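Only one structure is covered here, and it is reproduced in the block below.
Number of protein chains: 2
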Amino acid sequence: METRRIDPVNCSVARALSVVGERWSLLIVRETLDGASRFGEFHSRLGIAKNLLASRLDTLVTAGVLRRVPYQEPGDRQRFAYQLTEQGHALRPTLLALLEWGDRYLADPQGPSVIVRHRPDDGASTCDAPVRVILECAAGHDHLAPEDVHRTPGPGARFVDAPSS
Amino acid sequence: METRRIDPVNCSVARALSVVGERWSLLIVRETLDGASRFGEFHSRLGIAKNLLASRLDTLVTAGVLRRVPYQEPGDRQRFAYQLTEQGHALRPTLLALLEWGDRYLADPQGPSVIVRHRPDDGASTCDAPVRVILECAAGHDHLAPEDVHRTPGPGARFVDAPSS
DNA sequence: CCTTTGAGTTTAGTTTTTAAACTTAGCCCG
DNA sequence: CGGGCTAAGTTTAAAAACTAAACTCAAAGG
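Residue numbers (this note's numbering), protein chains in the order written: chain A, 8 to 172; chain B, 8 to 172.
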């Protein structure tokens, strides 16, 4: 007898990782959040090889995470900067989840090196409280424990046969 | 004149990625959430090369994400299975954030292949509502937009000098 | 004893990543 | 005009990571 499982290849996690699952992609995105936008900034901050950086930036632009925008410093020729798109900003929860995990389990003895705070870009709010990622269900339950969420097949699920073992 | 930035190398995101930032690590963790625990299950589900799988499992066990537990099928010798530790379960928000991102921007036309639902392990609850990752600050504001959170130096921050540009 | 089986290990070939040297395009200065 | 300067790449060669296939190993069963 056989049972059927969700095909592990047809999965948004796998597709997401095919874009941002390489060693440097998420670090490039993180640096844009700290103000980096130019080729040389990414290169010097991260220490990534230049050809690989060029290739990764291309990948991220093609995937829609970054946007390549021309800029011109006075007295210099036109160059290109790389900015987060809305799709790129949407990676922030992923980065914050990784940050929290790293802070909790791979902590620097001095404490976290970065604290993410609630601070609207308009500057109007004074709330500076630290921000966390939490799990919330559509019925309104929040702060769910990781063990209380389960993966179920969705409309796009493919199945593969597997020995019931 | 120079300005100072948070050292991008001394960062929990970078440390987290050094454990789970390789191509297969998060996929291995994901498979454990779908019930995989044995070497051959990871191998056949993911198609990862066996030597690399052995090496990744070692890395994840050493890092504390997986636990190696002996088991014995009747009429077979003792073997080892790999189970998530509490630290491994704590990666679930990261995986869910990636899943949501992939669903939103790299969607299968048929819809998501996986839906994560609120279902306590004790089976007592009937809540099956879909679960999402949201950002919440310590002051109680939730559903924060990605643009309204800012990275600030924490107690463990190191700084590097950078040209003010 | 001989075969089977799951869980690896070894080995050889391919791909990815690194590091360093090189190229390119425009501005500036003489 | 010509030569130097700079940021942003590209090229190249060597190192590291990954793949696939063959091999090993330890008990179990015939």
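Glycine is no exception: its CB is placed at the ideal position from the N, C-alpha and C atoms. Keep in mind that this is a model prediction, so the values were computed, not measured.
- Judged by DSSP in its simplified three-state form, Ile13 of chain B adopts strand.
- Contact fails between the stretch 20-30 of chain B and the stretch 75-82 of chain B, because fewer than three Cβ pairs, one in each stretch, are under 8 Å apart.
- For the C-beta of Gln117 of chain B, the chain A residues within less than 7 Å are, from N- to C-terminus, Pro162, Gly163.
- Per DSSP, the continuous beta strand (DSSP E) segment holding Arg75 of chain A begins and ends at 73-79.
- In this structure, Leu103 of chain A sits away from Arg126 of chain A, with a CB-CB distance that is not shorter than 9 Å.
- Under the Cβ criterion of 9 Å, Ala56 of chain B is not counted among the residues facing chain A.
- His148 of chain B is a Cβ neighbour of Cys134 of chain A, given a cutoff of 9 Å.
- By DSSP's assignment, Asp149 of chain B forms a beta bridge with B:Glu143.
- Excluding the 5 residues flanking it on each side, Arg45 of chain A has same chain C-beta neighbours closer than 7 Å at Ala88, in chain order.
- DSSP assignment within the stretch 20-56 of chain A yields no whole beta strand (DSSP E) run of 3 residues or more.
- Under the three-state reduction of DSSP, Thr133 of chain A is assigned to coil, being neither helix nor strand.
- Ile35 of chain B does not reach chain A, its nearest Cβ partner there being about 10 Å away, counting only Cβ pairs nearer than 9 Å.
- At a C-beta separation below 7 Å, Thr101 of chain A has these neighbours in chain B: Thr101, Ala104, Leu105, Trp108.
- DSSP places Thr101 of chain A in the uninterrupted alpha helix (DSSP H) bounded by 99-112.
- According to DSSP, Leu67 of chain A shares a beta bridge with no other residue.
- About 20 Å separates the CB atoms of Ile141 of chain A and Gly161 of chain B; that is not less than 8 Å, and the two are not in contact.
- Between the stretch 65-80 of chain A and the stretch 92-108 of chain A there are three or more C-beta pairs closer than 8 Å, enough to call the two in contact.
- In this chain, Gln117 of chain A is not harboured by any alpha helix (DSSP H), its DSSP state being neither H nor E.
- Of the other Cβ atoms in all chains shown, 16 or more fall within 10 Å of the Cβ of Ala43 of chain A; this residue is therefore buried.
- Contact between Leu59 of chain A and Ile35 of chain A does not hold, since their C-beta atoms are separated by about 11 Å, which reaches or exceeds 8 Å.
- For Gly95 of chain A, the enclosing alpha helix (DSSP H) stretches over residues 93-96.
- Ala88 of chain A sits in a strand when the DSSP states are folded into three classes.
- Ranked by Cα distance from Ser19 of chain B, the first of A:Leu105, A:Thr159, A:Ile13 is A:Leu105.
- CA-CA distance, Asp155 of chain A to Asp129 of chain B, rounds to 9 Å.
- Excluding sequence positions up to five before and after Leu98 of chain B, its CB lies within less than 6 Å of the CB of Val36, all in the same chain and listed in chain order.
- Contacts with chain B at 9 Å (Cβ-Cβ) do not include Pro81 of chain A.
- Interface residue (Cβ-Cβ distance to chain A less than 9 Å): Gln85 of chain B is not classified as such.
- At least one CB of chain B lies nearer than 9 Å to the CB of Gln94 of chain A.
- In the displayed model, Asp168 of chain A falls within a strand according to three-state DSSP.
- The C-alpha of Arg86 of chain B is placed about 46 Å away from the C-alpha of His150 of chain B.
- Contact of Arg30 of chain B with chain A is assigned, a C-beta pair being separated by under 9 Å.
- Put simply, the CB of Pro137 of chain B is near chain A, with a gap under 9 Å to one of its CB atoms.
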